[in-house]
Amino acid sequence: MGMMFEKDLYNCHSLKTFYRYFMEIYVNFKFAIGFNKFVLITTFLFSIFLPNRFRIITIFSLIITLWKFYSIGDLNGGHGSLEQYIWRFYFSVIPVILIPIGIAFAKKVLNLETSELKRCIAISFLFLLMPIFLAFGTHAPLTFNMNFYACFFLFGILFFLIKTCSNISNNISLFLLALLLSIGPSFASINGRFNKNFYSLNSLSSSPLNECVNEIDLENSRIYVSNNLKNVLIKLKLIFSEINLSNTKYCLNFDAPGWTFLLGLPPHPIQPWTLFSKGNFTLKNLDSDSFHRSTIILRKGGKSLIQIQNIYPEFENSHRLHGEVEVTYDDIIHHSIQVYAPRNESKSN
Amino acid sequence: MIRANKVVALILLILATSLVCFEIILVDYGFDLVDEGWHYSKFTYPDEVKASVLKDHLYSGILFKALNYDLPKFRLFNIGIMILSSLILSIGCIKLIEIKSHNIENKKFFFIVIYSTIIIFQMPSIWCERSLAYNQLSSNLSQICLGLFLISYLNSKNSSLLYFLTGSMVSFLFLLRPPSGVSISIILIILFLLLDRNLNKFIFFIKFSIIGFFTFLFFTFHLLKLPTNI
């Protein structure tokens, strides 16, 4: 059933996916070089005239590159930065390191047997490309998923440096380069956690750390969430307490499946993001009995209601609107969440 | 110079440790209503997952149940696995550097640099996904596969067992995220051919990896039970 689901998606994998991946890499790499062009030109000129000083030139170029990408916010962490922009910094490191070392080889400052050099370069590039290959297959931005494999990229750079620069492994310059390379992701991690919102596609759960001060009890643990999220959860719990859940089967939740977990209800068995599916895959593959015995959480005015009405025109007869919760930000209503329950499962009935 | 190297290595170690500690302190803060919520629902009711080729609900479901559905502990476990897989990769990376290589004067501090930077570069992924779902598992298993392969390549005594484990981990990765499983298999073969063109050694590697691969598939489909059935 998994592959059927894939075929039914609007963003089903095809040649277009490869094109999207290529464009993501291309634009980020293009920016990484274009934005840093003055640093690269200066590095090139210094390397031409001072090929023996390739280590110092690399370190200084890397410091300036780090500063430049920090100044435009690529290393700030959080949405945007960690979804895409941090890779512009990572990509910019490649020419910063390749130019001085390449010139040092051209001017015979560095020497390595040709076959050994080719092998080292091939292994380094294999490591540099690993994040792209391993992140393949994602529906999310490729650069977002490449974060899961970023350590291979780092090792590709370090391996290239260690193997091409003789005795660099005992030299302070390699240690300093490793430290400089680490500043970007370290700052992105710390700043992303403390000053940016938590990762979520739902604005209600994408709140900063300082707003997560409200405790909520889960089955065997407790977590801290924002005031808005806690308020909505309390109201949802109140609505569900009025429903006789003993005969209901699932909680169909098409927009924010996390509510199902927080409410301790069984999720429906297909996929929650029915809106990505052009043929209502979720609803078509859910048997009629399960649908009619399930509670439903919907975003008011969203497309999910239209999709349900297309597959189950009698939906209004089989389910009753049990309650509605307004989601507010700064006392302004952002949207409403509706809870539907099978008509015969109301405690009052 | 050696003293300066030690100082930088220690700075990197402190940086990596601090990042991990911050993340550990914050395990009970925040909750993602979309991806994370969906993952926890899957792991709580793994037998309800019927429309996925991925098997993360099976393994993480067992783990989540073993941790008594404690969400912060589950997030903590994710960080723990990341640290462990980074360690395996770091050992493998050191082995790779040592091939036909110059002697590293202070190996201990050199290892600290490699291990710390690998952890630091993996930290942004924890911001992206805090639950041990397919992306995090795939990330950790890729590191373990590559680390085990590099260790086994240079370990002539127990290489058959390590190749077997590498094959098992590749199989695990196939079940969790098939595209990454395909990619890591191709990467390992290319890496082997770049390191050594000895046909006998290659056949030996392929043989034990395939045995490991199918053993893990057999274990998953015939022996492993859904957590609700345990």
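Taken in sequence, the protein lines are chains A and B. Under the working numbering, the first residue of the first sequence is numbered -12, with each subsequent residue one higher. Under the working numbering, the first residue of the second sequence is numbered 19, with each subsequent residue one higher. Every residue gets a Cβ at the ideal spot worked out from N, C-alpha and C, and that includes glycine. Please read all numbers here as calculations on a predicted model, not as lab measurements.
Below 8 Å on the Cβ atoms is my guess for residue i versus residue j; work out the distance and round it to an integer in Å.
i       : j       : result
I44(A)  : S34(A)  : 6 Å
T282(A) : V326(A) : 7 Å
S134(B) : L242(B) : The Cβ separation is near 35 Å, so there is no contact.
F123(A) : S70(B)  : Wrong, their Cβ atoms sit about 18 Å apart, outside the cutoff.
S149(B) : Y58(B)  : 7 Å
Q140(B) : S108(B) : Rounded, the Cβ-Cβ distance is 11 Å, inconsistent with contact.
S186(B) : T233(B) : 6 Å
L99(A)  : A91(A)  : The pair is not a contact, with the Cβ atoms about 11 Å apart (cut-off 8 Å).
G230(B) : S170(B) : Actually they do not touch by this definition, with Cβ atoms about 11 Å apart.
D50(B)  : S187(A) : 4 Å
From this set, the options, which residue's C-alpha is nearest residue i's C-alpha?
i       : options                               : result
G164(A) : N304(A), K55(A), P38(A) and V83(A)    : Before going on, a small fix: residue 164(A) reads as Leu here, not Gly. Comparing Cα-Cα distances from L164(A) to each of N304(A), K55(A), P38(A) and V83(A), the minimum goes to V83(A).
S177(B) : L194(B), I221(B) and G199(B)          : I221(B)
I51(A)  : P38(A), F41(A) and N23(A)             : N23(A)
I320(A) : L249(A), V219(A) and V80(A)           : V219(A)
E206(A) : S149(B), K83(B), F128(B) and S186(B)  : K83(B)
L194(B) : A151(B), F167(B), I205(B) and N173(B) : A151(B)
Q294(A) : K271(A), Y8(A) and S275(A)            : K271(A)
L196(A) : Y211(A), I88(A), F41(A) and L32(A)    : Y211(A)
G98(B)  : E123(B), I144(B) and K225(B)          : I144(B)
G67(A)  : L141(A), Y136(A) and N132(A)          : N132(A)
K94(A)  : F140(A), C138(A) and F41(A)           : F41(A)
E70(A)  : I86(A), L32(A) and S176(A)            : S176(A)
F36(A)  : G310(A), S305(A) and P87(A)           : P87(A)
Y8(A)   : A127(A), N178(A) and L32(A)           : A127(A)
I37(B)  : F142(A), F139(A), S233(A) and S169(A) : At residue 37(B) the sequence reads Leu, which differs from the Ile that was named. Cα-wise, what sits closest to L37(B) is S169(A).
N124(B) : K91(B), I117(B), K24(B) and L212(B)   : K24(B)
L216(A) : H309(A), S193(A), L292(A) and Y6(A)   : S193(A)
S173(A) : S190(A), N234(A) and I73(A)           : I73(A)
G65(A)  : F128(B), C146(B), V131(B) and K60(B)  : C146(B)
F146(A) : L191(A), V200(A) and I81(A)           : I81(A)
Is the shortest distance between the beta-carbon of residue i and the beta-carbons of chain A less than 8 Å?
i       : result
I221(B) : no
I109(B) : no
A151(B) : no
D88(B)  : yes
Y133(B) : no
V188(B) : no
F40(B)  : yes
D46(B)  : yes
I248(B) : Any reading at I248(B) must be qualified, since the residue scores a pLDDT of 45, below 50, and its modelled position is unreliable; no value is offered.
I112(B) : no
L37(B)  : yes
C146(B) : yes
When you compare the CB of residue i with every CB in chain B, is at least one pair closer than 8 Å?
i       : result
Y186(A) : yes
G245(A) : yes
C152(A) : no
N39(A)  : no
E206(A) : yes
P329(A) : no
L121(A) : yes
F142(A) : yes
A165(A) : yes
Y211(A) : yes
P172(A) : yes
L99(A)  : no
N336(A) : Since pLDDT at N336(A) reaches only 44, below the 50 mark, its modelled position is unreliable, and no value is offered.
R106(A) : yes
Take the Cβ of residue i as the centre, count every other Cβ of all protein chains shown within 10 Å, and call the residue buried at 16 or more, exposed below.
i       : result
F150(A) : Note on identity: in this sequence residue 150(A) is Lys, with Phe being the wrong assignment. It counts as buried.
R215(B) : exposed
F76(A)  : buried
I42(B)  : exposed
G60(A)  : exposed
P300(A) : exposed
N336(A) : Since pLDDT at N336(A) reaches only 44, below the 50 mark, its modelled position is unreliable, and no value is offered.
E66(B)  : buried
A253(B) : This structure gives no information on residue 253(B), because the portion of chain B shown stretches from 19 to 248.
H240(B) : exposed
T130(A) : buried
N247(B) : Bear in mind that a pLDDT of 48 at N247(B), under 50, signals an unreliable position, so the model cannot answer this.
Y316(A) : exposed
query = Taking any Cβ of chain A, which residues in the segment 49 to 65 of chain B have a Cβ under 8 Å from it, in chain order?
reply = F49, D50, L51, V52, D53, E54, G55, W56, Y58, S59, K60, T62 and Y63
Residues within the segment 125 to 138 of chain A neighbouring chain B, beta-carbon criterion of under 7 Å = F131, N132, N134, F135, Y136, A137 and C138
ask   = Just by C-beta distance, which residues in the segment 54 to 66 of chain A are closer than 9 Å to chain B?
value = G64 and G65
inquiry  = Along the segment 23 to 35 of chain B, where does the CB come closer than 7 Å to a CB of chain A? Name the residues.
reply    = N23, V26, A27, I29, L30 and L33
request  = Taking a Cβ distance cut-off of 9 Å, strictly less, list which residues of the segment 270 to 303 of chain A are near chain B, in chain order.
outcome  = N272
message = So if I threshold CB-CB distances at 8 Å, which residues from the segment 201 to 227 of chain B count as touching chain A?
response = S201, I202, I204, I205, I208, L209, L212 and L213
request  = Give the residues from the segment 77 to 103 of chain B that approach chain A closer than 8 Å (Cβ to any Cβ), ordered along the chain.
outcome  = N86, Y87, D88, L89, P90 and K91
task = Note down, in chain order, all residues in the segment 227 to 238 of chain A with a beta-carbon under 8 Å from any beta-carbon belonging to chain B.
result = Y237
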